[in-house]
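Participant: Everything in the sequence shown is counted per numbering that gives the first Met the number 0, starting at 0 for the first residue and increasing by one.
Even glycine gets a Cβ: it sits at the ideal position worked out from N, Cα and C.
Keep in mind the model is a prediction, meaning the values are calculated, not measured.
Provided herewith is a single structure, encoded as structure tokens, for subsequent inquiry.
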Amino acid sequence: MEFRPGFFRSSEPEWAKNCFDESELKKRIMQVLIAQGEKPTPVKVQKGFKTISKRRDITNTISTIKQVGGEAEYISVDVTNSADLTAKLAPVIQRFGAITGIIHGAGNLADKLIEKKSEQDFETVYNTKIEGLESLLSCVQPSQLDFIVLFSSFVAFYGNPGQSDYALANEILNKYAYVLKRKYPNCRVLSIGWGPWDGGMVTPELKKFFAQQDMELISVDVGAKMLIDELNSPDQETPQILVMSRPILGSPKQLSPEKQTFRIQRKLILAENSFVCDHVIASHPVLPAMCGISWLANTCEQLYPGYKFFSCDNYKVLKGIVFDNTLANSYTLDLKEINKSQGEIEFEAVVSSESTRKIPHYHYKTQIKLVQAIPQATTYESFNSTQDPALLSLSPYQNGTLFHKPRFQGVKRILNISPQGLTVQCSLQSLDVKQQGKFPVQAFNAYTADILFQALLVWVRYFDDLGSLPLQFNKLEQFSLIPFNQDFYISLEIDSRSDNRVVANATAHDDQGTIYLKIDQMQVTSSSRLNHLFMENTCSDVACSSF
0 MEFRPGFFRS
10 SEPEWAKNCF
20 DESELKKRIM
30 QVLIAQGEKP
40 TPVKVQKGFK
50 TISKRRDITN
60 TISTIKQVGG
70 EAEYISVDVT
80 NSADLTAKLA
90 PVIQRFGAIT
100 GIIHGAGNLA
110 DKLIEKKSEQ
120 DFETVYNTKI
130 EGLESLLSCV
140 QPSQLDFIVL
150 FSSFVAFYGN
160 PGQSDYALAN
170 EILNKYAYVL
180 KRKYPNCRVL
190 SIGWGPWDGG
200 MVTPELKKFF
210 AQQDMELISV
220 DVGAKMLIDE
230 LNSPDQETPQ
240 ILVMSRPILG
250 SPKQLSPEKQ
260 TFRIQRKLIL
270 AENSFVCDHV
280 IASHPVLPAM
290 CGISWLANTC
300 EQLYPGYKFF
310 SCDNYKVLKG
320 IVFDNTLANS
330 YTLDLKEINK
340 SQGEIEFEAV
350 VSSESTRKIP
360 HYHYKTQIKL
370 VQAIPQATTY
380 ESFNSTQDPA
390 LLSLSPYQNG
400 TLFHKPRFQG
410 VKRILNISPQ
420 GLTVQCSLQS
430 LDVKQQGKFP
440 VQAFNAYTAD
450 ILFQALLVWV
460 RYFDDLGSLP
470 LQFNKLEQFS
480 LIPFNQDFYI
490 SLEIDSRSDN
500 RVVANATAHD
510 DQGTIYLKID
520 QMQVTSSSRL
530 NHLFMENTCS
540 DVACSSF
């Protein structure tokens, strides 16, 4: 029995109607095959079942669209045949008007090890993705499109045995997205590297495999919502994203001895980084100094999967990033490998931007170290947990000592303070992924780490009655992420002080003294002018009022 295109274009066969049980429907397909004198092989039965199921899905989808007031037209066409596609689309365009958006989701698989693949296997997979896209673009005026969405795959990013052609085709889609975005800047162009969906090309065997990998499948409802959210996102500039329940962590690869350099561009806008609305000085949101480390550490880890961020040396805040009229159109991260071995990789990192007059501005500079294995955390031996009763009423966020709003208010109690240092008890409520914007908690938690600088700001205000801001530090070592929603402590030891600068060592640890993070020679600059600017900690930008 051949379930040819058009076999039941307007309606399904009588023998299949009102039969929704899979086993019963397959039984009826077998009976039809036998009646036609054919052998009911599992392949033929499954093919018939899929044909009926797909047709039902199409019918149900069109019906659902109509129920909510929309209209839809379904056409069956080879997407790689541009002439046929143009002809089939002509009456649709005449009926509905010009096409203003493309979602390219066509795909084929021919899973085999590369030495067993034929040219036909490759063309089947490749042409559907790439020639299909070119065919779609040839049928419209791309400059008039509101959006172009390309369904790529996580396989393009991570690879997968037997899918070299599929990985290649999807990675070309990813690169195509960058080209299209550059060519049509007013169009929302997005290539989505989907993780495995619950349905489609994911067979029961693949479902079992993904379950063993602790990888959740994306349901149709969740995937559809994520697509809509991305199309409506304030971020209209990012042309490529990866959607998975969790990243796939590979083993560290053999390093080449050649030292490489990397240049990576990033655009920052207030609407995508709502957390800065709680980090405001002089009425303008300011990017926290610790976000610079997050930016660099996350990027370095992504370049070398399997290696982990451990330390940061000679970190300098050269020019803070303020979300006002000085915000640059884009920021450039330059990474230069300065040391490589099988155990660790060191980078020199610089973040810069250009003014409208092409004058370079340098924002952050440091050296980042990645290692294969993080050293075991040591214990902070000088932990002083004694509570000074006189400090119980001290409220640094309310009295102007600290300018930070709720998403950064991690200092819960100042336990003790002296000319030699202080101890604070801390806990910070977690920020959801959307609030974290371009600075997600991955290699480094900039939000909890920010409290180490806050502790020094508290000490400077207490003894010098001055506001202060981060300048630099000599070394940061991270043994584990400082957690959200959990008590931890910061022990501060003053090293030196002058009229406008204070240098200290700070350690974040748990109640047993086990160290999360420590910073040596942390330096801030202080000024009486900052006392007044700290009081102006409400953002004047209308974008902040919506968060």
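How would you call residue 179, buried or exposed, if buried means at least 16 neighbouring beta carbons within 10 angstroms?
Facilitator: Counting Cβ neighbours within 10 Å, residue 179 comes out buried, since at least 16 surround it.
Participant: Assuming residue 153 contacts residue 193 (C-beta within less than 8 Å), just tell me the rounded distance between them.
Facilitator: Right, the Cβ-Cβ distance comes to about 7 Å (below 8 Å), so this counts as a contact.
Participant: Quick one: residues in its chain with C-beta nearer than 7 Å to the C-beta of residue 313, no 5 flanking neighbours on either side, listed in chain order?
Facilitator: Same-chain partners within the cutoff: 365, 366 and 473.
Participant: Is the stretch 520–528 touching the stretch 257–266, taking contact as three or more C-beta pairs under 8 Å?
Facilitator: Output reads no: the stretch 257–266 does not touch the stretch 520–528.
Participant: Any C-beta of chain D sitting closer than 9 Å to the C-beta of residue 435?
Facilitator: Checking the listed chains, one finds no chain D in this structure; it contains a single protein chain.
Participant: So what's residue 531 in DSSP terms, helix, strand or just coil?
Facilitator: The answer is helix: DSSP assigns residue 531 an H, G or I state.
Participant: Under 9 Å, do residue 290 and residue 344 count as touching if we go by C-beta distance?
Facilitator: It is not a contact, given that the beta carbons lie outside the stated cut-off.
Participant: Can you list, in chain order, the stretches of the beta strand (DSSP E) that have 3 or more residues and sit fully within the stretch 150–226?
Facilitator: Whole beta strand (DSSP E) segments, 3+ residues: 187–193.
Participant: Quickly, what does DSSP pair residue 417 with across the bridge? List them, please.
Facilitator: Paired residue(s): 420.
Participant: So for residue 119, helix, strand or coil by DSSP?
Facilitator: Residue 119 falls in the helix class under three-state DSSP.
Participant: Answer yes or no: do residue 282 and residue 537 have a C-beta to C-beta separation smaller than 9 Å?
Facilitator: Yes, these two residues count as a Cβ contact at 9 Å.
Participant: Buried or exposed, going by whether 16 or more other CB atoms sit within 10 Å of the CB of residue 53?
Facilitator: Its Cβ having fewer than 16 others within 10 Å, residue 53 is exposed.
Participant: How should residue 409 be labelled, buried or exposed, when 16 other C-beta atoms within 10 angstroms of its C-beta is the threshold for buried?
Facilitator: So residue 409 ends up on the buried side.
Participant: By the three-class DSSP mapping on this structure, what secondary structure does residue 537 have?
Facilitator: Coil.
Participant: Use the C-beta contact count for residue 385: other C-beta atoms within 10 angstroms, 16 or more gives buried, fewer gives exposed.
Facilitator: Result: exposed.
Participant: Shortest alpha-carbon distance to residue 388 belongs to which of 185, 412 and 334?
Facilitator: Taking only the C-alpha atoms, the option nearest residue 388 is 412.
Participant: Do you know offhand how far residue 443's Cα is from residue 305's?
Facilitator: Near 15 Å, if we compare the C-alpha coordinates of residue 305 and residue 443.
Participant: Count the other CB atoms within 10 Å of the CB of residue 16; is the residue buried (16 or more) or exposed (fewer)?
Facilitator: Residue 16 should be labelled exposed.
Participant: In the structure shown, what three-state DSSP assignment does residue 262 receive?
Facilitator: Strand, per DSSP.
Participant: Hey, out of 57, 271 and 13, whose CA is closest to residue 431's CA?
Facilitator: Of the candidates 57, 271 and 13, the one whose C-alpha sits nearest the C-alpha of residue 431 is 271.
Participant: Just mark residue 466 as buried or exposed, buried being the case when its beta carbon has 16 or more other beta carbons within 10 Å.
Facilitator: Result: buried.
Participant: Quick one: what does DSSP say residue 284 is sitting in, helix, strand or coil?
Facilitator: In the structure shown, residue 284 sits in a strand (DSSP, three-state: E or B).
Participant: How is residue 526 classed by DSSP in three states: helix, strand or coil?
Facilitator: Residue 526: strand per DSSP, three-state reduction.
Participant: Cutting at 8 Å between CB atoms, please list the residues of its own chain near residue 71, excluding the five before and the five after it.
Facilitator: Counting only Cβ-Cβ distances below 8 Å, and skipping sequence neighbours, we find 60, 61, 64 and 65.
Participant: At the level of alpha carbons, what is the spacing between residue 380 and residue 423?
Facilitator: Rounded to the nearest angstrom, the two C-alpha atoms are 16 Å apart.
Participant: What do you reckon, are the CB atoms on residue 372 and residue 478 nearer than 9 Å?
Facilitator: It is not a contact, given that the beta carbons lie outside the stated cut-off.
Participant: Taking the alpha-carbon of residue 284 as reference, which of 295, 293, 321 and 254 has the nearest alpha-carbon?
Facilitator: Selected option, being the one with the closest Cα: 321.
Participant: Any contact between the stretch 452–462 and the stretch 491–511? By contact I mean 3 or more CB pairs, one from each, below 8 Å.
Facilitator: Contact holds: three or more Cβ-Cβ distances are below 8 Å.
Participant: Leaving out five residues before and five after residue 99 in sequence, what residues of the same chain have Cβ atoms less than 7 Å from its Cβ?
Facilitator: If we look at residue 99 and ignore the five residues flanking it on each side, its Cβ neighbours are 143, 144 and 145.
Participant: If we require 3 or more residues per run, which beta strand (DSSP E) segments fall completely within the stretch 37–124?
Facilitator: With a minimum length of 3 residues, the continuous beta strand (DSSP E) runs that stay inside the stretch 37–124 are 100–103.
Participant: How long is the line joining the alpha carbons of residue 32 and residue 45, rounded to whole angstroms?
Facilitator: Answer to the nearest angstrom: the Cα atoms are 12 Å apart.
Participant: To which residues of the same chain is residue 225 closer than 7 Å at the C-beta, ignoring the five residues directly before and after it?
Facilitator: Answer for residue 225: 242, listed in chain order.
Participant: Tell me whether residue 1 is buried or exposed, calling it buried when 16 or more other Cβ atoms sit within 10 Å of its Cβ.
Facilitator: Bear in mind that the predicted position of residue 1 carries a pLDDT of just 34, short of 50, making it too unreliable to give a figure here.
Participant: Cα separation between residue 235 and residue 25?
Facilitator: Straight-line Cα distance between these residues: approximately 46 Å.
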